[in-house]
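Below: the structure, in structure tokens.
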Amino acid sequence: MDGPRPGSPSTTDPDVESAVSVSVVLPAYNEADTIESTIATTLRRLGSFLDPGTFEVIVAEDGCDDRTPEIADRLAAGDDRVRHLHSDERLGRGGALEAAFRAASGDTLVYFDTDLATDMRHLEELVTRVESGSADVATGSRWLPENVADRPAKRGVPSRIYNGLVRVFLRSDLQDHQCGFKAISRDAFDSLEADIADAHWFWDTELLVRAQRGGYEVVEFPVEWTPKGDTKVDLVRDVLGMGSQILRTWWQLSVRPRLSQRVGLVAGAVLAVVALFLMTRYLDFGAVLAEMREADPVLVGAATVVYLLSWPLRGLRYRDILAELGHHEHVGFLTGAVFISQTGNLVFPARAGDLIRAYVVKARRGIPYPTGFASLAAERVFDLLTIASMAGAVLIGYTVTGRTAELARTVVGAEGAGRVAVVVATGVGLAAVAAAAAIALSARRDRDLVAAAVYRVSTDSYADFVVGVIERFVDDLQAVAGTRRGFGRVGTVSAVVWTLDVVTALLVLAAFAPGLGAVELVAVSFFAVSVGNLAKVLPLSPGGVGLYEGAFTLLVVGLTPLGPELALGAAVLDHAVKNLVTVIGGYASMVGLNVSLTTAVKESRGVRDRGDEAPELD
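So in this note's numbering, spot 435 of the sequence shown is number 430, and the numbers just go up one at a time.
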């Protein structure tokens, strides 16, 4: 909110602050036809049970484009009980209410919809419940058994479903979370405000749920309610958005508090074991081990050397990314930082190693955390673009040679862990290609294409969160790839890094003497590695163990005449070579840089959660 309009009493006026005990907020968006009569009715009703000078009515005008601002200005100028808070931009219903509550003078904060759908004879009960101290939060209800509202089916049915979902997922015992007729004490609002993430229609629900979880007394009482006009809720876009908010709040309140490092490690191990068990249903592991014993050790050794060569290039790429962000460091140190972070990804779930790298460069070289996170974001976009391009190039090759149908049969006919891995890889791959391409395009122009697409689906605070993340990615990529030189250098090195990754897999596969022609060996290696790494994008297990092997095996079996035992043996050995090099390099770098992996992941998570600076490493 921009603040009080001319004619409104100042929020710093000591007389207003000391006298007013009840503040009623009217959230208004294009209410020119009703706002004047609503204010008059509200003042009259408040005056019937409150002493003069003890209440105020605040019009929280949310970026209206009709005559609402003019009317509110006129009314505020003519009556010192009325205030007008204006916003040039849409804050959303919840955002407008929060801004108005912060500016309000009363200790009892009240709001209701300006259409006065709730009978105003209930206003005294609403205010008294909180002002008397018998409740911290009070809300009217249209769904209590003693007074069920008569709502049209197109509004009543979705409301019933929505409230049922809230009760199930968020463990609320209230019947109606969305009734626009609520009051809350100043102390409760001040305590809860920072935790409420939504700024639109879900704000009401989140307020009630968090108040209940916070131990505040929340009371629900029946009200007479009459639908008036068309709802401003978009029954597709906003309902979809509120559904995502239920899941977001459920995750924050019920799941995330239970996630610990130990839980993550156990869950990752269980996923790996499940993937291994599923594979045993279709494969003879004795035959797999026999195939691995027959692999040519010289070619496996050559694969190890090739993969080692990619690590200085990873450090070189990271140096170029940081240089574009204004920080110049040695390749050796940065290679060690990359080693440590990738080792962290093998040990901890949810790609916690990515945060470790930002922590290490801050602790050892003083590079600010925002820059560390930005450099990681840019690196990930380049990785996705490169991997997707590799898969796309091979796919084009299969299309040109008429083998697309064979590829389709591979995915459709897959079973067990392999099918799960490829389905995951396909879904993630399609999303990654679309998102990375849109982010890259957005970084080269003023319009954020991904944000525009998100807002077509939803405009709630979760959409704002997603768009905020995307905008940070775009800003980070613009900083790194905003120049042709930066894009060219980082892009070229990324291509070489991932090509060496493919060559490593190719040499391991060749060590099993598969009898494939050179062209087919190269093509299947590129495709298997790209799909396998796309399967690892989702943090379902530490290091993507199980997913990578499943996707790699399925692609090799489906696109070549090789048997599953040989394909799995190659996949396991390929991943083992890469992980072994990573772990050895990671622990050597930890010793050289005096970094504790567990301390680093703990502190880096704290930085991400708090958004502040972490202590230096010892």
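For every residue, glycine included, the Cβ atom is placed at its ideal position computed from N, Cα and C.
Terminal residues of the continuous alpha helix (DSSP H) containing residue i?
i      : result
Thr134 : Taken as a continuous stretch (DSSP letters only), Thr134 belongs to no alpha helix (DSSP H), being part of the beta strand (DSSP E) at Val132 to Ser136.
Asp315 : Pro292 to Glu319
Gln170 : Segment: none, Gln170 is in no alpha helix (DSSP H) and carries neither H nor E.
Ile579 : Pro559 to Leu588
Phe334 : Val326 to Val342
Thr123 : Leu118 to Glu126
Looking at the structure shown, is residue i part of a helix, part of a strand, or coil, going by DSSP?
i      : result
Gly281 : helix
Thr63  : helix
Thr593 : helix
Thr36  : helix
Ala609 : Confidence in Ala609 is poor, its pLDDT being 38 and thus under 50, which makes the residue's placement unreliable; the coordinate value appears in the next sentence. Note: Ala609 maps to coil in three-state DSSP.
Leu21  : strand
Ile241 : helix
Val15  : coil
Thr113 : strand
Ile53  : strand
Trp246 : helix
Tyr211 : coil
Leu504 : helix
Arg414 : Residue confidence for Arg414 is low, a pLDDT of 47 falling below 50, so the modelled location carries little weight and cannot support an answer.
Trp662 : No answer is possible for residue 662: it lies beyond the span of the chain, which begins at -4 and ends at 613.
Thr6   : Low confidence applies to Thr6: its pLDDT is 42, below 50, so where it sits in the model is not reliable, and the reading given next is rough at best. Note: Thr6 maps to coil in three-state DSSP.
Ala420 : With a pLDDT of 47 at Ala420, under the threshold of 50, the modelled position of that residue is not reliable, and no figure is offered here.
Thr555 : coil
Pro509 : coil
Phe44  : coil
Ile156 : helix
Gly361 : coil
Ala189 : helix
Gly387 : helix
Pro252 : helix
Gly527 : helix
Asp615 : This structure cannot settle anything about residue 615, because the visible part of the chain is limited to -4 through 613.
Ala546 : helix
Glu286 : helix
Ser129 : coil
Ala183 : helix
Thr366 : helix
Ala99  : coil
Thr381 : helix
Thr221 : coil
Glu141 : coil
So, using beta-carbon positions, are residue i and residue j closer together than 9 angstroms?
i      : j      : result
Ser82  : Ala71  : no
Leu371 : Val492 : no
Thr63  : Ala27  : yes
Trp245 : Leu165 : yes
Leu501 : Leu516 : yes
Ala688 : Glu289 : Any answer about residue 688 is impossible in this case: the structure gives the chain only from -4 up to 613.
Ala490 : Thr593 : no
Pro22  : Leu92  : yes
Leu121 : Phe107 : yes
Val132 : Ala194 : no
Pro559 : Val567 : no
Ser18  : Thr113 : no
Gly128 : Phe50  : no
Arg78  : Val54  : yes
Ile316 : Ala353 : no
Ala506 : Ala332 : no
Phe334 : Thr577 : yes
Phe44  : Arg124 : no
Phe615 : Phe176 : This structure leaves residue 615 out entirely; the chain is present only between -4 and 613.
Val218 : Arg137 : yes
Gly310 : Val300 : no
Ala369 : Leu320 : yes
According to DSSP, residue i sits in a beta bridge with which residue or residues?
i      : result
Lys177 : Tyr106 and Thr134
Phe216 : Gly135
request  = Tell me the start and end of each unbroken alpha helix (DSSP H) in the stretch 61 to 97 that is at least 4 residues and wholly inside, in chain order.
outcome  = 63 to 73
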